[in-house]
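Here is the structure we will look at, set down as structure tokens.
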Amino acid sequence: MSSRLATIRSIGIAPKILGRCIKQFSTSYLLKNANVSNNLNKSSNAWENIFKQINQTKPPNTNITNDLEPFDQLKEVVKKPLWQIYWKLVNREFEPPFSNMNNLDNDRVNSLIWTFTEKLMLQFEIYLHNPLNCRPIPDIKLVDYINPKICNITQIIYSINNDMMPSQLPRFYGYNTKIECLNNILSKLIYKEYVESSLTHIKQQDSLVDLSNPAEWFPEARKMKRKFIMHVGPTNSGKTYNSLRKLAKAKSGYYAGPLRLLAREIYERFHDQGIKCNLITGEEVIPSIDSFGKISEISSGTIEMIPSHKKMDICIIDEIQMIADPRRGEAWTNAVLGVQAKEIHMCGEESAVPLILKLAKITGDEVEINKYNRLGKLTVSDKEVSNFKNLQKGDCVIAFSKRKILELKCEIERSTNLKVGVIYGALPPEIRSKEANGFNSGQYDVLVASDAVGMGLNLKIKRIVFFATKKFNGNETIPLTASETKQIAGRAGRFSKDEGESEGFVTAMYKKDLIFLKKMMNEPIQNLSKACTWPTDKVWTYYMSKFPKYTSFYDILAQFEKETSSLEMENFFLTALDSRYEILNLFLRNDLYKKTTIEDQLRLSLAPVNINMSSPLVVDTAFKFFQNITKCETKNIFDFNFLHTEILKRRPKFTATTESTVQTLQSLEENHKLVLIFLWLSQRWPTLFVDKESATETKTLIEKRISEELLNLRRLIKHSRSAGVEPRRSNPKGFKFRANQQK
Numbered sequence: 013m014s015s016r017l018a019t020i021r022s023i024g025i026a027p028k029i030l031g032r033c034i035k036q037f038s039t040s041y042l043l044k045n046a047n048v049s050n051n052l053n054k055s056s057n058a059w060e061n062i063f064k065q066i067n068q069t070k071p072p073n074t075n076i077t078n079d080l081e082p083f084d085q086l087k088e089v090v091k092k093p094l095w096q097i098y099w100k101l102v103n104r105e106f107e108p109p110f111s112n113m114n115n116l117d118n119d120r121v122n123s124l125i126w127t128f129t130e131k132l133m134l135q136f137e138i139y140l141h142n143p144l145n146c147r148p149i150p151d152i153k154l155v156d157y158i159n160p161k162i163c164n165i166t167q168i169i170y171s172i173n174n175d176m177m178p179s180q181l182p183r184f185y186g187y188n189t190k191i192e193c194l195n196n197i198l199s200k201l202i203y204k205e206y207v208e209s210s211l212t213h214i215k216q217q218d219s220l221v222d223l224s225n226p227a228e229w230f231p232e233a234r235k236m237k238r239k240f241i242m243h244v245g246p247t248n249s250g251k252t253y254n255s256l257r258k259l260a261k262a263k264s265g266y267y268a269g270p271l272r273l274l275a276r277e278i279y280e281r282f283h284d285q286g287i288k289c290n291l292i293t294g295e296e297v298i299p300s301i302d303s304f305g306k307i308s309e310i311s312s313g314t315i316e317m318i319p320s321h322k323k324m325d326i327c328i329i330d331e332i333q334m335i336a337d338p339r340r341g342e343a344w345t346n347a348v349l350g351v352q353a354k355e356i357h358m359c360g361e362e363s364a365v366p367l368i369l370k371l372a373k374i375t376g377d378e379v380e381i382n383k384y385n386r387l388g389k390l391t392v393s394d395k396e397v398s399n400f401k402n403l404q405k406g407d408c409v410i411a412f413s414k415r416k417i418l419e420l421k422c423e424i425e426r427s428t429n430l431k432v433g434v435i436y437g438a439l440p441p442e443i444r445s446k447e448a449n450g451f452n453s454g455q456y457d458v459l460v461a462s463d464a465v466g467m468g469l470n471l472k473i474k475r476i477v478f479f480a481t482k483k484f485n486g487n488e489t490i491p492l493t494a495s496e497t498k499q500i501a502g503r504a505g506r507f508s509k510d511e512g513e514s515e516g517f518v519t520a521m522y523k524k525d526l527i528f529l530k531k532m533m534n535e536p537i538q539n540l541s542k543a544c545t546w547p548t549d550k551v552w553t554y555y556m557s558k559f560p561k562y563t564s565f566y567d568i569l570a571q572f573e574k575e576t577s578s579l580e581m582e583n584f585f586l587t588a589l590d591s592r593y594e595i596l597n598l599f600l601r602n603d604l605y606k607k608t609t610i611e612d613q614l615r616l617s618l619a620p621v622n623i624n625m626s627s628p629l630v631v632d633t634a635f636k637f638f639q640n641i642t643k644c645e646t647k648n649i650f651d652f653n654f655l656h657t658e659i660l661k662r663r664p665k666f667t668a669t670t671e672s673t674v675q676t677l678q679s680l681e682e683n684h685k686l687v688l689i690f691l692w693l694s695q696r697w698p699t700l701f702v703d704k705e706s707a708t709e710t711k712t713l714i715e716k717r718i719s720e721e722l723l724n725l726r727r728l729i730k731h732s733r734s735a736g737v738e739p740r741r742s743n744p745k746g747f748k749f750r751a752n753q754q755k
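Read in our numbering, the sequence shown has 290 at position 278, and its numbers run on one by one without any break.
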């Protein structure tokens, strides 16, 4: 037991009774032969008596003795914490994340505390009346303290009193007494009651759903004087490196990247430098704790996970030009408008500068602009490659579909002596990183990759070779923009602190693509004019309050889109909704939306699954995940029966065909995608999606098997070359891929 935990004082429930509590309560003992109906009748007005006491300016006296019945003991225990919370509300003293309650007037405060106290007394009654039907006290875990539910409050109180709370809790939160711990838990529950009452009772307030000025959605940030420091320039100009040096010296801060792969890279880089740093992504949170039990104030994570309620010294927003991306740009916009950092360093293309200047005028923040030049020359070749035999070590061939990338790998290895690594969007980030390391170390001579190389990977590429200059955007195949072309081309000739500047070269496989490439490289990048935006959860709370109880979020979203279709905003545009509709459409199956709260539908609409580009297995399993939330069942990764266990157990077959190997890869990638969704859900519903350790181990196993199958694909090609035959294919025309597999 930690020293701090050992010094915590008791909240005073009689130990004689608590001894039986931990043994899952003997009902007859707990009720002490009292008449149950009398106890329940007496408690029906208990909250009125408590409310009268906490409404007084003097703290209430607590008198907990062994002679009191269990219900009265519990009532005495919560009196003082409720009194403290009540007066914090009246005096508007709550800090984030509860600071929204400071806006309540006294009538709302009284109503909130009255309603909550009534529910609290009811939970005491329910537990004491029949504890065997409730969750056992020993089953109360750390997550129940961090994200408490009122149905567990009685067990939590007994757990605290009997020193059964997790030892990490006092250390992390700085509790000195058990009353402080209980105070924090009750504050969280009251805040939940506040949010629910806002959704149910507060009238629609049009000012809060005013889309013309999203900056007003972040009042805490508007109270601060912030400074925007922009680091802009082409790829390989050192702009992110300079901002990271500043973060490494800061007391508190957050690096916000576009990919979890990039977030992990920064996390590992800081740890290699001896800098304590947390990792925060949608799928995992890894805290960095020093020898005194203090969590680091420096974090690296994805842009969507920025803690907007937390004050910090520095926040780095990488790839700032993505603020105009129609699908993910909202995360960049909300970060720029809402992050509570003294300095906000934005790294990316110069095209974002005019837009950020306009946003700074709205927010009243200061702007500093630092421009960077490329470290090393980039040359566009005059001649196309035309033949695989003209490829060289250090080349990276760019294609835009998984099918084409794997075909190119096989064809290059069959027709040359070059060893080929692959990187594409469906590959797990860990495998992408492994393939990149293989290329950098010389294990692979050539890389075949999608535009996934454009950000988040350090690659020693000498020459970029565009095999294609058009890509599928989810709806149609379109040419690359000048910005996309330069982002990919700029990966050639990367600067290294060990080797210094390195000249990079860019070309294409075919002449027509080389002509297009030269045109794009000479075109100026167009400045961004508008930022992508999307209402925050708080704004949605008010908007959704006008709809009937069993309205699906799909219908609410459709109504919102209809109301905003003619809206013209000077500096903003609304995010694309197609991916949200696809997810929400699952809730129309079997009227699942009627069993799922609006808040859960809102949260699940952001789940990391592309329904339109996914197989039936992924879609059906995602539906099972969502069903599990409505059923409130505790399940682990194996309970959903989606894992291809036979594929996971077996070793790669040397007698396999190239097509069957690719199909095995596809099955493994599907499983990996579903494990990531499970981990994402476990971060948000930790009591329903449990045993993260097994899920993480399964994820690692799948990644190992993907690496093995990629290696086996190369062995099949090598064997066919040495035998002087074509690689075995069950389909003579090539691999079978569904059209919607393109990425």
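Quick reminder that beta carbons are idealized off the backbone N, C-alpha and C, glycines included.
ask   = Tell me the DSSP bridge mates of residue 355?
value = Here residue 355 is taken as the residue at index 343 of the sequence shown, counted from 1. Beta-bridge pairing links residue 355 to 239 and 326.
query = What does a CB cutoff of less than 6 Å around residue 621 pick up in its chain, not counting 5 residues either side in sequence?
reply = In the sequence shown, residue 621 corresponds to position 609, counting from 1. Here the set comprises 634 and 689.
query = Looking at residue 249 and residue 385, is the spacing between their C-beta atoms short of 8 Å?
reply = In the sequence shown, the residue the question calls residue 385 occupies position 373. In the sequence shown, the residue the question calls residue 249 occupies position 237. Yes, the pair counts as a contact, with Cβ atoms nearer than the cut-off.
Under the three-state DSSP convention, the category residue 545 falls into = Translated into the one-based positions of the sequence shown, residue 545 becomes position 533. Annotated three-state conformation of residue 545 is strand, per DSSP.
request  = Label residue 241 either buried or exposed according to how many other C-beta atoms from any shown protein chain fall within 10 Å of its C-beta, with 16 as the threshold for buried.
outcome  = For the purposes of this step, residue 241 is taken as residue 229 along the sequence shown, with counting starting at 1. Answer is buried; the Cβ neighbour count reaches 16.
request  = Flag this pair as touching only if the segment 695-712 and the segment 662-678 have three or more C-beta atom pairs under 8 Å; answer yes or no.
outcome  = Inter-segment contact for the segment 695-712 and the segment 662-678 is absent: fewer than three beta-carbon pairs are separated by less than 8 Å.
key: DSSP bridge partner residues for residue 382 (one or two, in chain order)   = Here residue 382 corresponds to residue number 370 of the sequence shown, with the count starting at 1. Answer is 243.
task = Taking only the alpha-carbon atoms, compute the straight-line gap between residue 142 and residue 178 and give it to the nearest angstrom.
result = The residue you call residue 142 lines up with position 130 of the sequence shown. The residue you call residue 178 lines up with position 166 of the sequence shown. Taking the straight line joining both Cα atoms gives about 26 Å.
request  = Taking only the alpha-carbon atoms, compute the straight-line gap between residue 607 and residue 597 and give it to the nearest angstrom.
outcome  = Position 595 of the sequence shown, counting from 1, holds the residue named residue 607. Position 585 of the sequence shown, counting from 1, holds the residue named residue 597. Going by the C-alpha atoms only, they are around 14 Å apart.
query = How many angstroms separate the CA atom of residue 661 from the CA atom of residue 426?
reply = Position 649 of the sequence shown holds residue 661. Position 414 of the sequence shown holds residue 426. Distance between the alpha carbons of residue 661 and residue 426 is about 29 Å.
message = Below 8 Å on the Cβ atoms is my contact criterion, and I expect residue 433 with residue 450 to pass it. Report the Cβ-Cβ distance as a whole number of Å.
response = Here residue 433 refers to the residue found at position 421 when the sequence shown is read from its first residue. Here residue 450 refers to the residue found at position 438 when the sequence shown is read from its first residue. The Cβ separation is near 5 Å, so the contact holds.
query = Are at least three pairs of beta-carbons, each pair with one atom in the segment 528-535 and one in the segment 561-580, less than 8 Å apart?
reply = With the cut-off at 8 Å, the segment 528-535 and the segment 561-580 do not touch.
ask   = Secondary structure at residue 257, three-state DSSP: helix, strand or coil?
value = By 1-based counting over the sequence shown, the position of residue 257 is 245. DSSP places residue 257 in helix when its eight states are reduced to three.
message = I need the boundaries of the alpha helix (DSSP H) containing residue 186, first residue and last residue.
response = Along the sequence shown, read from residue 1 onward, the residue named residue 186 stands at position 174. Following the DSSP letters along the chain, one finds residue 186 in no alpha helix (DSSP H), marked with neither H nor E.
request  = Report all residues from its chain with a CB closer than 6 Å to the CB of residue 181; omit the five preceding and five following residues, and keep chain order.
outcome  = Within the sequence shown, residue 181 is the residue found at index 169, counting from 1. If you ignore the 5 residues before and after residue 181, its C-beta comes within less than 6 Å of the C-beta of 157, all in its own chain and listed in chain order.
message = Does residue 407 come out as helix, strand or coil in the three-state DSSP assignment?
response = Translated into positions along the sequence shown, residue 407 becomes position 395. Residue 407 carries a strand assignment under DSSP once its states are collapsed to helix, strand and coil.
Residues bridged to residue 432 [DSSP beta-bridge criterion] = Here residue 432 corresponds to residue number 420 of the sequence shown, with the count starting at 1. DSSP lists 458 as the bridge partner or partners of residue 432.
ask   = Pairing CB atoms from the segment 313-329 with CB atoms from the segment 346-363, are three or more of them under 8 Å?
value = They touch, by the three-pair rule.
query = Is the CB-CB distance between residue 135 and residue 149 below 8 Å?
reply = Counting from 1 along the sequence shown, the entry for residue 135 is found at position 123. Counting from 1 along the sequence shown, the entry for residue 149 is found at position 137. In this structure, residue 135 keeps its C-beta atom at 8 Å or more from the C-beta atom of residue 149.
Heavy atom of the ligand SAM within 7 Å of residue 271 beta-carbon = In terms of ligand content, the structure shown is empty, and the ligand SAM therefore cannot be addressed.
query = Where DSSP assigns a beta bridge to residue 620, which residues make up the other side?
reply = Residue numbering aside, residue 620 sits at position 608 when the sequence shown is read from its first letter. DSSP output for residue 620 lists no bridge partner at all.
request  = Spell out a yes or no on whether the segment 273-284 and the segment 401-420 are touching, meaning 3 or more CB-CB pairs, one atom from each, closer than 8 Å.
outcome  = Contact fails between the segment 273-284 and the segment 401-420, because fewer than three Cβ pairs, one in each stretch, are under 8 Å apart.
request  = In angstroms with no decimal places, state the Cα-to-Cα distance between residue 298 and residue 317.
outcome  = The residue labelled residue 298 in the question sits at position 286 within the sequence shown. The residue labelled residue 317 in the question sits at position 305 within the sequence shown. For residue 298 and residue 317, the distance between alpha carbons rounds to 13 Å.
ask   = Are residue 320 and residue 266 close, meaning C-beta to C-beta below 8 Å?
value = Position 308 of the sequence shown, counting from 1, holds the residue named residue 320. Position 254 of the sequence shown, counting from 1, holds the residue named residue 266. 8 Å or more divides the Cβ of residue 320 from the Cβ of residue 266.
query = Which word fits residue 397, buried or exposed, when buried means at least 16 other C-beta atoms lie within 10 angstroms of its C-beta?
reply = Position 385 of the sequence shown holds residue 397. Residue environment: residue 397 is assigned as buried (16 or more neighbouring CB atoms within 10 Å of its CB, all protein chains considered).
ask   = Got a sec? Which residues, its chain only, sit under 7 Å from residue 334 by beta carbon, not counting five neighbours each side?
value = In the sequence shown, counting from the first residue as 1, residue 334 sits at position 322. Once the five neighbours on either side are set aside, the close Cβ partners of residue 334 are 270, 340, 341 and 344.
ask   = Would the segment 491-499 and the segment 438-449 be scored as touching if the rule is three or more Cβ pairs under 8 Å?
value = Taking 8 Å as the limit for Cβ pairs, the verdict is that the segment 438-449 does not touch the segment 491-499.
ask   = Between which two residues does the beta strand (DSSP E) containing residue 450 stretch?
value = Your numbering for residue 450 matches position 438 in the sequence shown. It is not in any beta strand (DSSP E) - residue 450 instead sits in the alpha helix (DSSP H) that spans 441-453.
task = Look up residue 290 in the DSSP assignment and give the residues it is bridged to.
result = Counting from 1 along the sequence shown, the entry for residue 290 is found at position 278. As computed with DSSP, residue 290 is found in a beta bridge with 311.
message = For residue 482, report the span of its alpha helix (DSSP H) as first-last.
response = On the sequence shown, position 470 is the one that residue 482 refers to. Not the alpha helix (DSSP H): residue 482 falls in the beta strand (DSSP E), residues 482-484.
query = So, helix, strand or coil for residue 575, using DSSP?
reply = Indexing the sequence shown from 1 puts residue 575 at position 563. In the three-state reduction of the DSSP assignment, residue 575 falls in the helix class.
request  = Starting from the N-terminal side, write out each stretch of the alpha helix (DSSP H) that is 4 residues or longer and does not extend beyond the segment 114-165.
outcome  = Complete alpha helix (DSSP H) runs here, min 4: 118-141 and 154-158.
query = From which residue to which residue does the alpha helix (DSSP H) around residue 265 run?
reply = Mapped onto the sequence shown, residue 265 falls at position 253. Where residue 265 is concerned, there is no enclosing alpha helix (DSSP H), although the beta strand (DSSP E) it sits in stretches over 265-269.
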